[in-house]
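Down below is the structure, laid out as structure tokens.
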Amino acid sequence: MNRIHTTLLENKKSLSIYFTAGFTQLNDTVTLIEELEKNGVDFIEIGLPFSDPLADGPIIQASSKQALSNGMTTKILFEQLQNIRKTVKIPLLIMGYFNPILQYGVEAFCIQCSKIGIDGLIIPDLPLEIYKAEYEPLFLKHGLSAIFLVTPQTSDSRILEIDAASSTFIYLVSTAAVTGGAGEFGPEQMDYFKRIAAMNLKNPLITGFGISSQKTFSQASEHTKGAIIGSAFVNFIKNNRIEDVKLFIENIL
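Numbered per the working numbering, the sequence shown spans residues 907 to 1159.
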């Protein structure tokens, strides 16, 4: 049983936080991870910045642009994280696009993740079929869970395929849009969350996109195991000190 499994077995809704590595300052990554764990976050998605994102809204796009301008690279991220398991115990995932991973070398990337203690990878533009045909054995060899996304447009048959190929949780994208905060979820989205939860999949669902407050966190996790906050947190650290992370988390939980 890996760290993600252990966390998902806890009798509580899970809060995951996404942030872009190298934002706002190049060397903020480790300090942010430690602050998030200290203040009760259940797992963390470390964003690998990329110049040509597909699903990122304007806030995360801007943070990636700044992180790249700061000098963040895959190699530097791994250097920053090499001792992270000396101080941090919660699950850590890397979320990013496949191009930088391919450029680094997929096997070399997996080896570095394993050495560091990364638990899983979220790669929105890696198709399920390509993963299964070419990379699944590599991920499994290095103890990395592949997390796949489902959206309101994903068919039930496709969701079942994703569930069969998954081993920890499924990322339930709340809306047919890019990342970014929402005031609250309406009846259509709540019905969608309920419908997917009623499929009784073998993997728990964690909801992401559009979660920015205690209200939306509660809505997003009402029918699922928990929720992920990205843009709202990235915007918070843009305008506040890392020491103020506690205030952000207190306003969610």
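The beta carbon of each residue, even a glycine, is placed where N, CA and C say it ideally should be.
Query: With which residues is Met1225 paired in a DSSP beta bridge?; Result: It is not possible to answer for residue 1225, since the shown part of the chain is limited to 907 through 1159.
Query: First and last residue of the beta strand (DSSP E) that includes Phe925?; Result: Ser920 to Thr926
Query: Roughly how many whole angstroms lie between the Cα atoms of Ile1000 and Leu914?; Result: 18 Å
Query: Kindly indicate which residue of Asp1097, Lys1144, Pro1093 and Ser1080 has the alpha-carbon position closest to the one of Gly1132.; Result: Ser1080
Query: If I'm right that Tyr924 touches Gly953 with Cβ under 8 Å, what's the distance once you round it to whole angstroms?; Result: 6 Å
Query: Starting from Val936 and walking both ways along the alpha helix (DSSP H), at which residues does that stretch end?; Result: Thr935 to Lys944
Query: Can you tell me whether Ala1133 is helix, strand or coil according to DSSP?; Result: strand
Query: Does the beta-carbon of Ser922 have 16 or more other beta-carbons within 10 angstroms, so that it is buried, or is it exposed?; Result: buried
Query: Leaving aside the five residues before and after Val994 along the sequence, list all residues of the same chain whose C-beta is less than 7 Å from its C-beta, in chain order.; Result: Ile939, Glu940 and Glu943
Query: Does the beta-carbon of Ser957 have 16 or more other beta-carbons within 10 angstroms, so that it is buried, or is it exposed?; Result: exposed
Query: If I follow the unbroken alpha helix (DSSP H) through Val947, where does it start and stop?; Result: Val947 -> no alpha helix (DSSP H), and no H or E assigned at all.
Query: From the DSSP secondary-structure annotation, give me the bridge partner or partners of Gly1114.; Result: Val1079
Query: Return yes when the Cβ of Ala1138 is within less than 7 Å of the Cβ of Ser1118, no when it is not.; Result: yes
Query: For Pro1033, which option in Gly1026, Phe1054 and Leu1044 has the closest C-alpha, if you only look at C-alpha atoms?; Result: Phe1054
Query: Does the Cβ of Gly977 have 16 or more other Cβ atoms within 10 Å, making it buried, or fewer, making it exposed?; Result: exposed
Query: Using the C-alpha atoms, what's the distance from Met1105 back to Asn933?; Result: 42 Å
Query: Whose C-alpha, out of Asn1109, Asp1097 and Leu1078, is nearest the C-alpha of Ile1134?; Result: Leu1078
Query: Decide if Ala1039 is buried, meaning its Cβ has at least 16 other Cβ atoms within 10 Å, or exposed.; Result: exposed
Query: Using the DSSP secondary-structure output, state which residues sit across from Ser970 in a beta bridge.; Result: Paired residue(s): none; Ser970 is not in a bridge.
Query: Quick check: Glu1090 and Thr1122, are their CB atoms within less than 7 Å of each other?; Result: yes
Query: If you draw a straight line from the C-alpha of Ile910 to the C-alpha of Leu960, how long is it?; Result: 26 Å
Query: Just how far apart, CA to CA, sit Ser1063 and Thr935?; Result: 38 Å
Query: Opposite Ser1051 in the DSSP bridges: which residues?; Result: Gly1026
Query: What is the DSSP secondary structure of Val994, counted as helix, strand or coil?; Result: coil
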